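*Asks:* Residue numbers (full-length UniProt numbering): 1 to 372.
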Ligand SMILES: [Zn+2]
């Protein structure tokens, strides 16, 4: 009897070993289930003083909306104090049918909790990391873009009609994250729109000039070069480019609506950053075998030197400068101080900075998904 019940128990990590997600244990054959996520977060929370898990509320179908707080030597507990320091927020898979961001966030939580290298420790001593690992649990369970009420949460950050968007708004209000990453997936349109990773900054005209400038710098000088260093192609979200010249030909998404989180974050004086990874239909060969996890670079805690800015002092609530409209279409041209070659993992001179501990899996899906 006892042996039978032990054999039937779900696989949990060996004592002391870092837990693994369902995506990892299945070698990428399936996504992590809600029950596996609950076990995984409980294990990390219990094992590491760096991590604490809060329940922000519940969805309409009763699933928990969690916030994971990470810091060193201990998880940040005082929102007002954290608001005065460095903080980074990851919002993962607001669209329930775009699950790779959630997987990246779960493994990132674990990796930050267990990392022993001095670089990660120093990063966590200086930076509070806040993660909403499953921003749309009902949508994830049903594999739908919207939540169980059919609402697209990423169009609800102004009206705040959903439990999900209200939970995120409370975290942003209370913790005042400096940077907010919003992780999504998109379907390619060959040959114009097919980069491995697309990024975009807040484009609402009410974003303060310093916040807008830092968000664009984060995208152009950090997120995209890190991805390209690891051998992935990158582009600007919403912009089709000519396959021959690389010049922009059309804008199809990425506008300035305040109700979209990337823009909401900017208006609330956070450096908002949308990151979209491409999904492709499975090939015939892949349909017959388990999926293998690919590893992509983080656009997450970056350790490139040279950016130490204080945004809050310079941030005003309203700025109607013209710059937010123009630059999204001027995509090509050198980025200051960022030499690179595709596939090059380490660079010259100042490029010897430690690699981020964070890796985003690139999802492959059986179904071509809609944009954004
Ligand atoms: Zn999306």
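Ideal Cβ placement from N, Cα and C applies to all residues, glycine included. What you are looking at is a predicted structure, and each value in this text was computed from that prediction instead of being measured.
Whose C-beta lies closer than 6 Å to the C-beta of residue 20 among residues of the same chain, with five residues either side of it excluded?
*Replies:* For the purposes of this step, residue 20 is taken as residue 20 along the chain shown, with counting starting at 1. Correct list: empty, nothing qualifies.
*Asks:* Could you tell me if the beta carbon of residue 95 falls within a distance shorter than 7 Å of some heavy atom in ligand 1?
*Replies:* Here residue 95 refers to the residue found at position 95 of the chain shown. Yes, the beta carbon of residue 95 sits closer than 7 Å to at least one heavy atom of ligand 1.
*Asks:* Helix, strand or coil: how does DSSP classify residue 276 here?
*Replies:* As a working note, residue 276 is residue 276 in the chain shown. Three-state DSSP puts residue 276 in a strand.
*Asks:* How big is the Cα-Cα spacing for residue 155 and residue 23?
*Replies:* Against the chain shown, residue 155 aligns to sequence position 155. Against the chain shown, residue 23 aligns to sequence position 23. Residue 155 and residue 23: Cα-Cα distance of roughly 28 Å.
*Asks:* If we ignore side chains and look at the alpha-carbon of each, how far apart do residue 96 and residue 231 end up?
*Replies:* What you label residue 96 is simply residue 96 of the chain shown in a count that begins at 1. What you label residue 231 is simply residue 231 of the chain shown in a count that begins at 1. About 28 Å.
*Asks:* What residues in its chain sit with their C-beta under 6 Å from that of residue 191, if we drop five residues either side in the sequence?
*Replies:* The residue labelled residue 191 in the question sits at position 191 within the chain shown. Hits under 6 Å: 243.
*Asks:* What is the residue span of the alpha helix (DSSP H) that residue 46 lies within?
*Replies:* Looking up residue 46 in the chain shown gives position 46. It spans 34–47 - the alpha helix (DSSP H) in which residue 46 sits, taken as one unbroken run.
*Asks:* So, under 8 Å CB-CB, residue 160 and residue 50 are touching, yes? Tell me the CB distance rounded to an integer number of Å.
*Replies:* In the chain shown, residue 160 corresponds to position 160, counting from 1. In the chain shown, residue 50 corresponds to position 50, counting from 1. Going by Cβ atoms, the distance from residue 160 to residue 50 rounds to 31 Å, so no, they are not a contact pair.
*Asks:* Check for me: the beta strand (DSSP E) holding residue 182 runs from which residue to which?
*Replies:* As a first step, residue 182 must be located in the chain shown, where it is residue number 182. Where residue 182 is concerned, the enclosing beta strand (DSSP E) stretches over 179–187.
*Asks:* How about residue 63 and residue 137: do their beta carbons lie closer than 8 Å?
*Replies:* What you label residue 63 is simply residue 63 of the chain shown in a count that begins at 1. What you label residue 137 is simply residue 137 of the chain shown in a count that begins at 1. In this structure, residue 137 lies closer than 8 Å to residue 63 by Cβ.
*Asks:* Hey, would you say residue 277 sits closer than 8 Å to residue 100, going by beta carbons?
*Replies:* Here residue 277 refers to the residue found at position 277 when the chain shown is read from its first residue. Here residue 100 refers to the residue found at position 100 when the chain shown is read from its first residue. Yes, they are a contact pair.
*Asks:* Measuring straight from C-alpha to C-alpha, what distance separates residue 279 and residue 183?
*Replies:* Along the chain shown, read from residue 1 onward, the residue named residue 279 stands at position 279. Along the chain shown, read from residue 1 onward, the residue named residue 183 stands at position 183. Each residue's alpha carbon lies about 13 Å from the other.
*Asks:* Run through DSSP, which three-state label would residue 146 get?
*Replies:* Taking the first residue of the chain shown as 1, we reach residue 146 at position 146. Coil at residue 146, not helix or strand.
*Asks:* Can we count residue 154 as close to ligand 1, meaning its CB is less than 7 Å from some heavy atom?
*Replies:* The count along the chain shown starts at 1 and reaches residue 154 at position 154. Yes, the Cβ of residue 154 comes within 7 Å of a heavy atom of ligand 1.
*Asks:* Give a yes or no on contact between the segment 207–222 and the segment 251–271, applying the rule of three or more CB pairs nearer than 8 Å.
*Replies:* The answer is yes - the segment 251–271 touches the segment 207–222, with three or more Cβ pairs under 8 Å.
*Asks:* Am I right that residue 171 and residue 89 are in contact with their C-beta atoms under 8 Å? What's the rounded C-beta distance?
*Replies:* Position 171 of the chain shown, counted from the first residue, corresponds to residue 171. Position 89 of the chain shown, counted from the first residue, corresponds to residue 89. Residue 171 to residue 89, Cβ: 7 Å. Contact.
*Asks:* Can you tell me whether residue 73 is buried or exposed, with buried defined as 16 or more other CB within 10 angstroms of its CB?
*Replies:* In the chain shown, the residue the question calls residue 73 occupies position 73. Label assigned to residue 73: exposed.
*Asks:* Can residue 252 and residue 240 be called in contact, C-beta distance under 8 Å?
*Replies:* Within the chain shown, the letter at position 252 stands for residue 252. Within the chain shown, the letter at position 240 stands for residue 240. Yes, the pair counts as a contact, with Cβ atoms nearer than the cut-off.
*Asks:* Starting from residue 101, follow the alpha helix (DSSP H) in both directions and report where the run begins and ends.
*Replies:* On the chain shown, position 101 is the one that residue 101 refers to. Unbroken alpha helix (DSSP H) run through residue 101: 100–114.
*Asks:* At a cut-off of 7 Å, is residue 149 close to ligand 1 when judged by its beta-carbon and the heavy atoms of the ligand?
*Replies:* Numbered from 1 along the chain shown, position 149 holds the residue referred to as residue 149. Residue 149 Cβ: outside cutoff for every heavy atom of ligand 1.
*Asks:* Comparing C-alpha positions only, which one of 85, 87, 257, 37 sits nearest to residue 65?
*Replies:* Locating residue 65 in the chain shown gives position 65, where the first residue counts as 1. With distances taken between Cα atoms, residue 65 lies closest to 37.
*Asks:* What I want to know is whether the C-beta of residue 164 ends up closer than 7 Å to one or more non-hydrogen atoms of ligand 1.
*Replies:* On the chain shown, residue 164 is found 164 positions in, with the first residue counted as 1. No, Cβ of residue 164 sits at least 7 Å from all heavy atoms of ligand 1.
*Asks:* Can you look up residue 378 in the DSSP assignment and give me helix, strand or coil?
*Replies:* Look at the range of the chain in this structure, 1 to 372, and you will see that residue 378 is not part of it.
*Asks:* Taking buried to mean at least 16 other C-beta atoms within 10 Å of its own C-beta, is residue 118 buried or exposed?
*Replies:* The residue given as residue 118 occupies position 118 in the chain shown. So residue 118 counts as exposed.
*Asks:* Tell me which residues share the same chain as residue 53 and place their Cβ nearer than 7 Å to its Cβ, disregarding the 5 neighbours each side in the sequence.
*Replies:* Along the chain shown, read from residue 1 onward, the residue named residue 53 stands at position 53. The residues are 41, 45, 66, 68.
*Asks:* What's the gap between the Cα of residue 29 and the Cα of residue 140?
*Replies:* Here residue 29 corresponds to residue number 29 of the chain shown, with the count starting at 1. Here residue 140 corresponds to residue number 140 of the chain shown, with the count starting at 1. Spanning the two alpha carbons is a distance of roughly 16 Å.
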